[in-house]
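**Student:** Let me begin by handing over the structure; questions about it come next.
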Amino acid sequence: MKFFIFTYGCQMNEYDSEIMSGLLNEMNLIQADDPKEADIIIFNTCCVREHAEEKVFGRLGQLKKLKVKNPNLIIAIGGCMTQQKGMADEIIRRFPYIDIVFGTYNTFQLPEMINKVMKDRQSIVNIWEKEGEIIEKLPIKRTDKIKAWIPIIHGCNNFCSYCIVPYVRGRERSRSMKEIIQEAKKLESEGYREITILGQNVNSYGKDLNEKVEFADLLYALNDIRGIKRIRFITSHPKDFSDRLITAISECDNVCEHIHLPLQSGSNKILKLMNRHYTKEHYEELVYKIRNKIPNSSITTDIIIGFPGETDEDFFDTLDLINRLEFDSAFTFMYSKRKGTPAALMPGHIDTEVKKNRLFQLMAVQEEITHNKNRELLGKTLEVLVEGVDTKTRNRLIGRTRTNKITFIDGDQETVGKIVKVKINKTKTWTLEGEIVD
Ligand code: SAH
Ligand code: SF4
Ligand code: F3S
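Position 257 of the sequence shown, counted from 1, bears residue number 359 in the numbering used here, the numbering being contiguous throughout.
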């Protein structure tokens, strides 16, 4: 029998889908290349913005045809979306042909749920109210052979007022340093070159553990695993990015000098309403500190426009800061109302047209900055980890610089998986191009 997984949302979900694949492989199920060939279809969903949910609803609707054709098809849905209050009922009501609804805390139960449905042919809704212990040593089938995800902390305690994540991922739970190191060493022995360590806020790592460790200690320990040539981390919260962490990044040669540091807004009034616990002055100082201590670092960010109460003036504050800080790139989002979050009940929700307008302005400004930043790299020689062959042209290689810039290179397939020196001879807004020089 074959299965297919649709994955939405962030890297944490990508990792969870790899765990689901591992679990299903252990049941002797194999991965289908196409959902049409699958006997089991699984949705691993995201609910961070309304748009993410709409995509899932759209796809679920389409599956009805497949289910009519093949009544034995099993459809399961899990992930962040189903974990929201009342959502499981809504899903079952709108899509009664779904067989399994599970949540973010009980992914590991997927095999038993599938077995039960195969036996009884009755649908199951199984969502845990609260997070349980972290379950270690689950099987995993990773998608990539060169780079891998490692979660280090689950959940979030920050409760930014717009954000649904703390309600669907529970409180912060750090994995033990021993487990993380073991996982990284295993990846090293399997030939992986790059790891990205994951958490909603990696800076919180260790705060809930009995052992006295913090995120910087983890970076030093991972840096000692010499076969892993690149260590990336997402995401950092600006409120607790310590000096010790900056030092650790600068001292650990395998830790890449790329920092994703969501700003969200450049207005102190909005930052306060967002419950972000920093001011734009603090953020700005942090950026200068990072650039000072970590030369050639790239800093990227997330921005939300149209948060309730955002005036033109607040928006101009954001534009102004974006202009001054010159991020390497930015993910920009229109505020999306999430039921159950404090911001949903705040006054002053912004008109969609106004939001769109602000978003386009912001994107135009950032695009030019990103392009200029890339242009500065023209003629420079940078280290690139070759990740694969460009699927479009097929005769170019594709990789990333340490600063996480996508780079196209001429070269042959044998270079895949290697770190090469590349002289940049062309720059575009989103990508670099170059040739291997040694
Ligand atoms: N824990 C990470 C990622 C959170 S989700 C962090 O704190 O950085 C990724 C991004 O989605 C956030 O940084 C934020 O910019 C955006 N986001 C979260 N909730 C949103 C909402 N309700 N509307 C629009 N964007 C949102
Ligand atoms: Fe959401 Fe804020 Fe937690 Fe990030 S830090 S997951 S934005 S609540
Ligand atoms: Fe989405 Fe859940 Fe990640 S809401 S962004 S998949 S933690």
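All residues carry an ideal CB built from backbone N, CA and C; glycine is no exception.
Kindly examine the ligand SF4 and report whether one of its heavy atoms sits closer than 7 angstroms to the Cβ of P268.
**Tutor:** yes
**Student:** Going by other Cβ atoms of all chains shown within 10 Å of its Cβ, with 16 needed for buried, is D201 buried or exposed?
**Tutor:** buried
**Student:** I need the boundaries of the beta strand (DSSP E) containing Y250, first residue and last residue.
**Tutor:** According to the sequence shown, residue 250 is Ala rather than Tyr. 249 to 253 is the extent of the beta strand (DSSP E) around A250.
**Student:** If the criterion is Cβ atoms closer than 8 angstroms, does the pair I107 and I144 meet it?
**Tutor:** yes
**Student:** Within 10 angstroms of the Cβ of D118, are there 16 or more other Cβ atoms? Answer buried if so, exposed if not.
**Tutor:** buried
**Student:** For G257, list the residues DSSP reports as bridge partners.
**Tutor:** Per DSSP, none; premise fails for G257.
**Student:** Is it buried or exposed for T495, if we count other Cβ within 10 angstroms and need 16 for buried?
**Tutor:** exposed
**Student:** Go ahead and pull the three-state DSSP assignment for K232.
**Tutor:** DSSP places K232 in coil when its eight states are reduced to three.
**Student:** CA-CA distance, L311 and I254?
**Tutor:** Roughly 12 angstroms separates the two Cα atoms.
**Student:** I believe P410 touches P449 by the beta-carbon criterion, under 8 angstroms. Please report the beta-carbon distance rounded to the nearest angstrom.
**Tutor:** 7 angstroms
**Student:** Less than 8 angstroms between the beta carbons of H360 and R378, yes or no?
**Tutor:** no
**Student:** Give the single residue among N228, M376, L125, N325 whose Cα lies nearest to the Cα of L447.
**Tutor:** M376
**Student:** Flag C262 as yes when its Cβ comes closer than 7 angstroms to any non-hydrogen atom of the ligand SF4, and as no otherwise.
**Tutor:** yes
**Student:** Closest to L324 by C-alpha separation, out of L461, F343, L289, S344, would be which residue?
**Tutor:** L289
**Student:** Do you know offhand how far N115's Cα is from E231's?
**Tutor:** 19 angstroms
**Student:** Thinking C-beta only, is T381 closer than 8 angstroms to P364?
**Tutor:** no
**Student:** Beta carbon of C258: closer than 7 angstroms to some heavy atom of the ligand SF4?
**Tutor:** Answer for C258: yes, Cβ within range of the ligand SF4.
**Student:** For the pair the region 292 to 311 and the region 250 to 266, tell me if three or more CB-CB distances fall below 8 angstroms.
**Tutor:** The answer is yes - the region 250 to 266 touches the region 292 to 311, with three or more Cβ pairs under 8 angstroms.
**Student:** Could you tell me if the beta carbon of H379 falls within a distance shorter than 7 angstroms of some heavy atom in the ligand SF4?
**Tutor:** no
**Student:** What first and last residue would you give for the alpha helix (DSSP H) that runs through S123?
**Tutor:** 113 to 128
**Student:** Please report how far the alpha carbon of R223 lies from the alpha carbon of C149, in whole angstroms.
**Tutor:** 29 angstroms
**Student:** Tell me the DSSP secondary structure of P211 in three-state form.
**Tutor:** In the sequence as presented, Pro is not what sits at residue 211; that position holds Gln. The three-state secondary structure of Q211, taken from DSSP, is helix.
**Student:** Taking only heavy atoms of the ligand SAH into account, decide whether any of them is closer than 7 angstroms to the Cβ of S400.
**Tutor:** no
**Student:** Nearest-angstrom Cα distance between L162 and E152?
**Tutor:** 15 angstroms
**Student:** Between I193, V467, V170, S344, which has its C-alpha nearest D319's C-alpha?
**Tutor:** Checked all of I193, V467, V170, S344; the closest Cα to D319 is S344.
**Student:** Considering Cα atoms alone, identify which of D430, S431, I406 is closest to T420.
**Tutor:** I406
**Student:** One question on the structure: do E537 and I511 come within less than 8 angstroms of each other, judged by their Cβ atoms?
**Tutor:** yes
**Student:** Closer than 8 angstroms by C-beta to I348: which residues in its own chain qualify, once you throw out the five before and the five after it? Chain order, please.
**Tutor:** K391, I392, K395, I396
**Student:** Quick one: grab the DSSP three-state call for D540.
**Tutor:** coil
**Student:** With three or more beta-carbon pairs closer than 8 angstroms as the criterion, would you say the region 452 to 462 touches the region 478 to 489?
**Tutor:** no
**Student:** Enumerate in chain order the residues of its own chain whose CB-to-CB distance from K187 is below 7 angstroms, with the five nearest sequence positions on each side excluded.
**Tutor:** Excluding sequence neighbours, K187 sits near G442.
**Student:** Based on the DSSP output, what are the partners of D512 in its beta bridges?
**Tutor:** R498, E537
**Student:** Which value, in whole angstroms, describes the spacing of the CA atoms of E139 and K104?
**Tutor:** Rounded to whole angstroms, E139 to K104 spans 7 angstroms at the Cα level.
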